[in-house]
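Heads up, the thing below is written out as structure tokens.
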Amino acid sequence: MDSFMDLALAEAAKAATAGEVPVGAVLVDGATREVIASAHNRVEAEGDPLAHAELLVLKAGITARGGRLQGCDLYVTLEPCAMCAGAVAHARIRRLYYGADDPKGGGVAHGARVFAQPTCHHKPEVYGGIGAAPAAKLLRDFFQARR
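For the sequence shown, the numbering used here assigns the number 350 to the initial residue and increments by one for each residue that follows.
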């Protein structure tokens with residue numbers, strides 16, 4: 350498995366430990382392969398429904414780079430929702446790598462399919478299924494413990 354997805358999975362595990370839905374994200378400079386930022390869901394901790402891992406890592410990357418994120422790659426453990434997919438497009442992410450599919454709430458391969466819409470002005474290269482098994486296991490274990 351890709352080491353950047355391993356880092357995203359570690360972030361997802363931190364989220365689960367904190368009682369958050371276990372989703373982690375890592376932003377990488379596509380040219381240098383250096384990690385720019387990493388984050389995990391903080392919806393409960395911040396009391397903010399917008400505190401998804403993807404939005405937090407994109408915001409940190411924009412702050413670090415002083416603008417849009419052309420040439421950057423995003424690794425996330427779960428297929429981004431429509432809100433996060435829209436943010437990925439607006440940030441101008443080069444490549445999106447995600448782990449588990451999200452048939453219920455996803456916005457890339459499922460649901461809104463944001464990047465397939467003619468109104469989407471920037472479409473990253475998308476690679477799904479990277480680290481899908483461990484990402485799905487984290488999610489399954491998290492939700493089974495709450496039932």
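Beta carbons: idealized from backbone N, C-alpha and C, even for Gly.
Cα-Cα separation between residue i and residue j, rounded to whole angstroms
{"i": "Glu-395", "j": "Val-437", "result": "21 angstroms"}
{"i": "Leu-399", "j": "Leu-445", "result": "19 angstroms"}
{"i": "Ala-357", "j": "Asn-390", "result": "11 angstroms"}
{"i": "Val-372", "j": "Thr-366", "result": "11 angstroms"}
{"i": "Leu-487", "j": "Ala-440", "result": "28 angstroms"}
{"i": "Val-475", "j": "Phe-353", "result": "15 angstroms"}
{"i": "Ala-359", "j": "Gly-455", "result": "21 angstroms"}
{"i": "Arg-489", "j": "Ala-458", "result": "20 angstroms"}
Beta bridge counterpart(s) of residue i as assigned by DSSP
{"i": "Arg-444", "result": "Asp-422, Glu-474"}
{"i": "Val-375", "result": "Ser-387, Tyr-424"}
Identity of the residue in the options nearest residue i by Cα
{"i": "Val-463", "options": "Ala-386, Pro-398, Cys-430, Gly-480", "result": "Cys-430"}
{"i": "Arg-417", "options": "Val-406, Val-475, Pro-452", "result": "Val-406"}
{"i": "Leu-423", "options": "Gly-379, Val-392, Gly-435", "result": "Gly-379"}
{"i": "Val-377", "options": "Leu-404, Ala-361, Arg-443", "result": "Arg-443"}
{"i": "Gln-493", "options": "Leu-427, Lys-363, Val-370", "result": "Val-370"}
{"i": "Thr-381", "options": "Gly-420, Tyr-476, Thr-468", "result": "Gly-420"}
{"i": "Ala-364", "options": "Val-475, Met-354, Ala-465, Ala-388", "result": "Ala-388"}
{"i": "Gly-460", "options": "Pro-467, Asp-451, Thr-468", "result": "Asp-451"}
{"i": "Cys-526", "options": "Ala-434, Arg-496, Glu-360", "result": "Because the chain is modelled from 350 through 496, residue 526 falls outside the range shown and cannot be assessed."}
{"i": "Ala-409", "options": "Val-425, Pro-467, Asp-397, Val-375", "result": "Val-375"}
{"i": "Arg-495", "options": "Asp-355, Gly-368, Ala-362, Ala-361", "result": "Gly-368"}
For residue i, three-class secondary structure by DSSP
{"i": "Ala-436", "result": "helix"}
{"i": "Ala-449", "result": "strand"}
{"i": "Arg-489", "result": "helix"}
{"i": "Glu-360", "result": "helix"}
{"i": "Met-350", "result": "For Met-350, the predicted model reports a pLDDT of 47, less than 50, meaning its position is unreliable and no value from the coordinates is stated."}
{"i": "Val-463", "result": "helix"}
{"i": "Pro-429", "result": "coil"}
{"i": "Glu-366", "result": "Before going further, note that residue 366 is Thr rather than Glu in the sequence given. Correct three-state label for Thr-366: helix."}
{"i": "Ala-482", "result": "helix"}
{"i": "Ala-458", "result": "coil"}
{"i": "Ala-494", "result": "helix"}
Neighbour flag for residue i against chain B, beta carbons, 8 angstroms
{"i": "Asp-355", "result": "Checking the listed chains, one finds no chain B in this structure; it contains a single protein chain."}
Go through the region 382 to 421 residue by residue and report every complete run of the beta strand (DSSP E) that reaches 3 residues or more, in order.
384 to 389
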